[in-house]
Amino acid sequence: MPERSYRRQLTPALVSSWAELRQSWPRDLLAGLTVAIVALPLAMALAIASGATPDKGLLTAVVAGFLISALGGSRVQIGGPTGAFIPVVFLVIQQHGYDGLILATLLAGVILILAGLLRVGALMRYMPRPVITGFTAGIAVIIFCSQLKDFFGLQTGALPAEFLPRMAGLLAAAPSWQPLTVGLGLAALVLIVLLRRHAPRWPAFLLAVLVLTLLNPFLPTPAETLGQRFGEIRFALPAPHWPAVSLARLVELLPAALTIAFLAGIESLLSAVVADGMTGGRHRPNAELLAQGVANGASALFGGLPATGAIARTATNVRAGALTPLAGIFHAVFVLAAMLLLGPWLAHVPLVALAAVLVIVAWNMSEHEHFRHLLRAPLGDRIILLLSFGLTVLVDLTVAIQTGLVVAAFVFMHRMAQTVEVAAHGDEDDPDLAAIAADQRERLPPGVEAFRVRGPLFFGATSSLEEVPRQFMQPPRVFILRMGQVPLIDASGAHALAGFLEHWARLDTPVIISGLRPDLRRMLARLGIVETPERLHFVADFEAALRLADESMQ
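Written as structure tokens, this is what we have:
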């Protein structure tokens, strides 16, 4: 790839939009303010659900949100903490402490930077949809269940990270539920739903949090607040701090870092695609991955959480009229201003208000309609979907993604192998093709056999070729193998073809391969499969193969 094209793939959208900023900044300013109003309660709620303090969520929205907009490949992407990270972050904090999370996030940032530099962005589109839908729905279930404690006002001690023991702990604490807290939570849910339906331009999340914060002190038994749960919270922008690093610690945290990097890459590119669909633009995936890496690394150095492109906030940004990445930068500035100016008042926010916000987030994230549609898909897709979903909920996200991808690969290979056909020339299902093939077969000289290969000759389909010699009681005098409909051959397919040729060579039967693409022929030559006068011939088409077979019979 030319160096100029490579640099263009990594150029931030802000640089490309530079000429528009003078005209677009008023609209971008308003859009940034709108998104900041949405992001403020969300960032705090996501941080608490992840096992961190609310200021960490706001800090992430500021640092990562600024850098994702400034360096990213999408003109309207909004970055920050998202629900996808909740189970991973919660587990890492439980097992390795907050310092472990910082190091894992920093390592994930390095991985994402390398992915962007190596142009991996285009490969993300090959992620199977059942895997994405399965683990996304699983994360939604985890988010919903993680909010039951605060939504019902349950009195529990420290709950385990694992799903089933956690649910058992919540069930044991069920008698301690607080009716007034539940009433506040239900009121928040109703308010959010009504505002979204009848006044979609109003900031439903922020208004619900504000109303509950004003009502809570007047209740006979007020719900627990941020200040009561976390004590004095310092809402400020700290100095960057480099975590303690050791080789053993890096190896220990590598699986978590890979999961964080994977989620950040997938969700940011999905969000960018959604934004492209809304604006008619086109993002640069490799620049986006590079920005995600820098943003996650910086967030970690400032003590923040993992971050990625947020689909809902990005869509809000577009609907608010954003034109350039300046809107995302304004969003980060407004969140920072709110964090510094409103910090003392944020301690009075009831936890049930943020729990109600995350219940709505979980419902939207579940993609229940898409999940239900996939349950009517072919069996292989259903298995992948349910496996990814179940493992996300019951085991952990890393295992779910790894297993889902492996099973999806096997299902794909099985389907591809079924499309590969190695059959005697003349065996056609299509009547028109069958008539042509039958006419061609009648022209075969006596003692000559012809078979065709249709489809990719890869490791999942080699058995079809290996079965051919077993169909003959007596070896033919000449064997024609038609390969004009073979689009690719991998190393396993080439090995199987070499074994096929060796079999006929031992029986003194020359093989004529017709129609093979020149690039595949060159690939076979590099692997040692070359034309020899007595054993193997390559010809352009079936007519040439017939003439050569006839000459060989003389």
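In terms of our numbering, the sequence shown opens at residue 659 and continues consecutively. Ideal Cβ placement from N, Cα and C applies to all residues, glycine included. Note that the coordinates shown come from a computational prediction; the quantities given were computed from them, not determined experimentally.
*Report back the beta-carbon spacing between R887 and L691 to the nearest angstrom; my notes put them in contact at under 8 Å.*
Incorrect: roughly 29 Å between the Cβ atoms, too far for contact.
*Out of P1168, R1184, I1187, T1056, point me to the one whose CA is closest to D1208's CA.*
P1168
*Have a look at T1190, W900, L884, P823 and flag the residue whose alpha-carbon is nearest the alpha-carbon of F893.*
L884
_If you measure between the beta carbons of F793 and T966, is that distance less than 8 Å?_
no
_Strictly by DSSP, which residues pair up with V1197?_
S1172
*Within its chain, find whatever has a CB closer than 7 Å to the CB of P1089; leave out the 5 residues flanking it on each side and keep chain order.*
Below a pLDDT of 50, predicted positions are generally treated as unreliable, and P1089, at 46, falls in that range; no measurement from the model is reported.
*Closest by CA to G843, which one among E882, Y756, V747?*
Relative to the Cα of G843, the nearest Cα in the group E882, Y756, V747 belongs to E882.
*asked:* Quick check: the Cα distance between S682 and A978, rounded to an integer number of angstroms?
replied: 13 Å
*asked:* I'd like to know whether the C-beta atoms of Q950 and S929 end up nearer to each other than 8 Å.
replied: no
*I1094 versus A1154: straight-line alpha-carbon distance, rounded*: Reliability of the predicted coordinates at I1094 is poor, the pLDDT of 47 falling under 50, and the value obtained from them is presented with this limitation in mind. Spanning the two alpha carbons is a distance of roughly 29 Å.
*State yes or no: is the C-beta of G738 within less than 8 Å of the C-beta of A762?*
Taking a C-beta distance under 8 Å as the contact criterion, G738 and A762 do not qualify as a contact pair.
*Would you list, in sequence order, the uninterrupted alpha helix (DSSP H) runs of no fewer than 4 residues that lie entirely inside the region 760 to 837?*
787 to 804, 806 to 810, 821 to 830
*Would you give the residue range spanned by the alpha helix (DSSP H) that G723 belongs to?*
712 to 729
*asked:* Can you tell me which residues form a DSSP beta bridge with F737?
replied: The question names Phe, but residue 737 is Gly in the sequence shown. Paired residue(s): G967.
*asked:* Using only CA atoms, which one of D713, F1200, E820 lies nearest to L1052?
replied: Out of D713, F1200, E820, E820 has the C-alpha closest to the C-alpha of L1052.
*What is the rounded straight-line gap between the Cα of R940 and the Cα of L1037?*
So the two alpha carbons sit approximately 35 Å from each other.
*Which word fits E946, buried or exposed, when buried means at least 16 other C-beta atoms lie within 10 angstroms of its C-beta?*
Note on E946: 16 or more other CB atoms within 10 angstroms of its CB, so buried under the neighbour-count rule.
*In whole angstroms, what is the alpha-carbon distance linking A826 and A795?*
21 Å
_C-beta contact flag for G986 and S675 at 8 Å_ = Between G986 and S675, the C-beta spacing is not below 8 Å.
*Can you have a look at E1107 and say buried or exposed, based on whether 16 or more other CB atoms are within 10 angstroms of its CB?*
buried
*Helix, strand or coil: which one does DSSP assign to V883?*
It is worth fixing the name first, because residue 883 is Thr in this sequence and not Val. Strand, per DSSP.
*Roughly how many angstroms separate the alpha carbons of Q1076 and D686, rounded to a whole number?*
52 Å
*Using the Cα positions of V848 and L700, report the straight-line distance between them to the nearest angstrom.*
17 Å
_Member of L812, T1120, F920, D757 whose CA lies at the smallest distance from the CA of A766_ = F920
*Give the secondary structure of E1209 by DSSP, where H, G and I count as helix, E and B as strand, and everything else as coil.*
helix
*Can the beta-carbon of L1194 be found less than 8 Å from the beta-carbon of A1152?*
no
*Helix, strand or coil for E1086, going by three-state DSSP, please let me know.*
Note on E1086: pLDDT 48, under 50, position unreliable in the model; the coordinate value appears next. E1086 falls in the coil class under three-state DSSP.
*Pair within 8 Å by beta-carbon distance, W900 and L864*: no
_Quick check on this structure: which residue in P786, T1056, L688, E1025 has the alpha carbon closest to the alpha carbon of A1070?_
Residue 1070 is actually Phe in this sequence, not Ala. Of P786, T1056, L688, E1025, the residue nearest in Cα terms is P786.
*asked:* If we require 3 or more residues per run, which beta strand (DSSP E) segments fall completely within the region 907 to 985?
replied: none
*asked:* If contacts are defined as beta-carbon pairs under 8 Å, then K807 and L828 qualify, I think. What distance do you get, rounded to the angstrom?
replied: Contact annotation, K807 with L828: C-beta distance approximately 6 Å; criterion of less than 8 Å satisfied.
*If you run the structure through DSSP and keep just helix, strand and coil, what is L1091?*
Because L1091 carries a pLDDT of 43, less than 50, the predicted location of this residue cannot be relied on, and the following value inherits that uncertainty. Note: L1091 maps to helix in three-state DSSP.
*Within 8 Å, strictly: CB atoms of A671 and R1040*: no
*asked:* Going by DSSP, what residue range makes up the alpha helix (DSSP H) through A857?
replied: Premise fails: A857 is in no alpha helix (DSSP H) and is neither H nor E.
_For A1131, the three-state DSSP class (helix, strand or coil)_ = With the sequence shown as reference, residue 1131 is identified as Met, and Ala is not the correct amino acid for it. If DSSP states are grouped into helix, strand and coil, M1131 belongs with coil.
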